[in-house]
Structure formats: C-alpha cells, structure tokens
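Undergrad:
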Amino acid sequence: MEPLGKTLLWIGAICLLLGIFFVFGSKIPFLSNFGNLPGDIRIERDNFQFYFPITTSILVSIILSAILYLWNRIAS
0 MEPLGKTLLW
10 IGAICLLLGI
20 FFVFGSKIPF
30 LSNFGNLPGD
40 IRIERDNFQF
50 YFPITTSILV
60 SIILSAILYL
70 WNRIAS
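Residue numbers for the sequence shown follow numbering that gives the first Met the number 0, so the first one is 0 and each next one is one higher.
1. Would you identify the three-state DSSP class for Phe33, choosing helix, strand or coil?
2. DSSP on Ile40, reduced to helix/strand/coil?
3. Can you grab the Cα-Cα spacing for the pair Leu58 / Tyr68, in whole Å?
4. Could you pull the start and end residues of the alpha helix (DSSP H) that Ile19 belongs to?
5. Along the chain, where does the alpha helix (DSSP H) that runs through Cys60 open and close?
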C-alpha cells in the first residue's frame, strides 16, 4: 500500500503546482505570449477559425523531455 500512497501524494503535488500555474501564469511576463508564438498556424475566415499551435507544441515537448530526462538522471 505504500507505493500507492506515494503515487497519490505525487499526483496531488503535481495538481497543486498546475493549479498555481493556471492562476498566476498570466502574470508572468514571458508566458503572456505562450500560445501566440511565430510559427503557430492561425487561419480566420468569415465563419471559420482554425488554430494549430505547432511551435508551442514543439516547445512544450522539448521542455517536458528535458524535465523528464533530468528527473530520470537524478532518480538513478
């Protein structure tokens, strides 16, 4: 039962950090343009809007990969 408790604590801590990020994220200057980066595809017509954040997705992927790589290196 101990691993389940640790897992639930980690999930709770991650949810707490995500909640804080969502509340205060718009007040951080370099995050205000996140989602409107050059390279994000935006098509707007009369009754049609299409938005594909390709650059933002790549940036998030790189950041998460780096975090998980460091976490793996520290854990082992």
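Note that CB positions come from ideal geometry on N, CA and C, so glycine has one too.
Just so we're clear, the structure is a prediction, and the values are computed from it rather than from any experiment.
TA: If we stick to the structure as given:
1. Phe33 sits in coil when the DSSP states are folded into three classes, being neither helix nor strand.
2. DSSP, read as helix, strand or coil, puts Ile40 in strand.
3. 15 Å
4. 1 to 23
5. With the sequence shown as reference, residue 60 is identified as Ser, and Cys is not the correct amino acid for it. Start and end: 53 to 74.
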